[in-house]
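These notes concern the structure reproduced below.
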Amino acid sequence: MAVKRIGVVGSGLMGSGVTEVAAKAGYEVVVRSRTQAGADSTIAGLEKSLGRQVEKGRLDDTARAEVLGRVRACTDLGELAECDLVSESVVEDLPTKQELFAELDRVCQPGAILTTNTSTLPVVEMAMRTGRPELVCGIHFFNPAPMMPLVEIAPAITTSGDTVAEARAFVEACGKAAVLVKDQAGFVVNALLFPYLNNAVKLLDGGVATRDDIDAAMKGGCNFPMGPLELLDLVGLDTSLSIIEALHDESSDPNYAPARLLRRMVTAGRLGRKRGAGFYEYPKK
Ligand SMILES: NC(=O)c1ccc[n+]([C@@H]2O[C@H](COP(=O)([O-])OP(=O)(O)OC[C@H]3O[C@@H](n4cnc5c(N)ncnc54)[C@H](O)[C@@H]3O)[C@@H](O)[C@H]2O)c1
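Below is the structure:
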């Protein structure tokens, strides 16, 4: 099947990013939010992002208008019926994603590929909620999706070779490099990254160093572009906690137990940049 029309479900950080990436690659994109306000703000966010690129001379006005013309936002999942490939980016919660995959299976045309942007949850658990487990695959973009060059392709044990080939073709058409990874919690990048981020919160909670010194230490000592606490704020603390919990559940390794302070911050609604406060404070956009 030639993939032409992409469906995106979820319009948070990742859904918006994937929408922009796919539309810039020339695909028609239908993005589904749960509310009309969410749909409107997805289009407004895309306009703002493309506008910034025009200001910086990275995009011309014609290309900006063409990209916008390829994106439609909706609230009804049924509008994804004619999509050839769907990218799911809703909250990192398995029951929510499983329910969504069952619904996508009902509404999407036969042969459509259903993909998840999950960071850690088992792809096979979503695949088996559909009548097309051979057409379900993990396609894991990184945040911010328009900037980050890598994508992990994570086939479930049910995914067909043709689906993996289509997934790779889509990723490459989006201008990204693909690595093929096993359907295992955290794949490669997050299996390595999140124990480190979690330990940074444990160091902060234990009073080993201040927030600023922990971030300065890893930037200066390891030449990382961001400190771990800044990075957690960028990812979102709720998403980060879900990722660490999934790593912990799958490995049973006590070293992966989520940091207490991380849980407390999520409970307090300090979710990072997207909410204006996490380990740092952010001005309202
Ligand atoms: N944040 C990152 O750095 C990052 C990177 C790669 C992949 N991911 C993955 O992408 C997915 C989305 O993460 P995000 O960072 O965009 O989160 P987000 O909080 O920015 O957005 C979550 C989206 O899910 C929707 N949602 C919430 N509850 C829902 C429900 N019950 N039913 C349907 N939709 C619901 C929200 O309305 C929102 O559109 C997660 O699976 C996450 O693991 C995140």
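According to my numbering, the residues represented by the sequence shown are 23 to 307, in order. Built from N, CA and C at the ideal position, the CB exists for glycine as well.
Residue i versus the options, residue with shortest Cα-Cα distance
i           : options            : result
residue 215 : 176, 243, 233, 249 : 249
residue 308 : 132, 142, 74, 300  : No answer is possible for residue 308: the residues shown for the chain start at 23 and end at 307.
residue 99  : 274, 88, 112       : 112
residue 109 : 137, 86, 132, 96   : 137
residue 55  : 187, 235, 30       : 30
residue 201 : 226, 207, 211      : 211
residue 52  : 93, 150, 36, 40    : 93
residue 171 : 306, 40, 144, 33   : 40
residue 33  : 26, 274, 58        : 58
residue 198 : 208, 49, 174       : 174
Closer than 7 Å: residue i CB and nearest ligand 1 heavy atom
i           : result
residue 108 : no
residue 265 : yes
residue 270 : no
residue 114 : yes
residue 287 : no
residue 277 : no
residue 68  : no
residue 118 : yes
residue 148 : no
residue 111 : yes
residue 73  : no
residue 55  : yes
residue 164 : yes
residue 254 : no
residue 306 : no
Within 8 Å, strictly: CB atoms of residue i and residue j
i           : j           : result
residue 165 : residue 256 : yes
residue 279 : residue 270 : yes
residue 265 : residue 114 : yes
residue 259 : residue 287 : yes
residue 188 : residue 25  : yes
residue 46  : residue 76  : no
residue 120 : residue 101 : no
Opposing strand residues paired with residue i [DSSP bridges]
i           : result
residue 202 : 175
residue 108 : 29, 136
residue 272 : DSSP output for residue 272 lists no bridge partner at all.
residue 303 : 299
Limits of the unbroken alpha helix (DSSP H) element including residue i
i           : result
residue 192 : 183 to 195
residue 212 : 211 to 227
residue 62  : 58 to 77
residue 283 : 282 to 289
residue 41  : 35 to 46
residue 250 : 250 to 257
residue 234 : 233 to 244
Opening and closing residue of the beta strand (DSSP E) in which residue i lies
i           : result
residue 130 : Counting along the chain, residue 130 falls outside any beta strand (DSSP E), and DSSP gives it neither H nor E.
residue 160 : 158 to 163
residue 94  : 93 to 96
residue 54  : 50 to 54
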